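Trainee: So that we are looking at the same thing, I have put the structure below in structure tokens.
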Amino acid sequence: MVEEKPKRYKIDNWSVHELQAEKFTIPIIVGSVNGQEIRTDTIFWLDNEKKVAMTKKDIYELGNPNMGWHGNIVAAGYKLKDFEIKGTNH
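Okay, so the sequence shown: first residue is 38 according to my numbering, each after it adds one.
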């Protein structure tokens, strides 16, 4: 069986969102890829220093975050680094 290579996308105007499932929360990113708004699958890795986020099958190069969302998290005392996800083997 041939494993499919991950697709790479550049995502701009992005923000981290949480979807509520029955017993857990799923992190996703909402943003713009080639001018079209998208919602990613579950994010398993998000590294702000390297500007990359990964789902099970796709890689997203992080462009500029959504300024409204970013302003709100900064005003609340958070940093983009606080939203990193690095707890899985990917």
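Ideal Cβ placement from N, Cα and C applies to all residues, glycine included.
Being a predicted model, the structure only gives us computed values, none of them experimental.
Say yes only if the C-beta of residue 67 is nearer than 8 Å to one or more non-hydrogen atoms of the ligand FAD, and no if none qualify.
Mentor: This structure simply doesn't include the ligand FAD, nor any ligand for that matter.
Trainee: Does DSSP put residue 67 in a helix, in a strand, or in coil?
Mentor: Strand.
Trainee: Determine the burial state of residue 55: buried for a count of at least 16 other Cβ atoms within 10 Å of its Cβ, exposed for fewer.
Mentor: Residue 55 is exposed by the Cβ-count criterion.
Trainee: State the DSSP-derived secondary structure class of residue 80, mapped to helix, strand or coil.
Mentor: Correct three-state label for residue 80: coil.
Trainee: Determine the direct distance from the alpha carbon of residue 85 to that of residue 117, and round the result to whole angstroms.
Mentor: Approximately 7 Å, taken between the alpha carbons.
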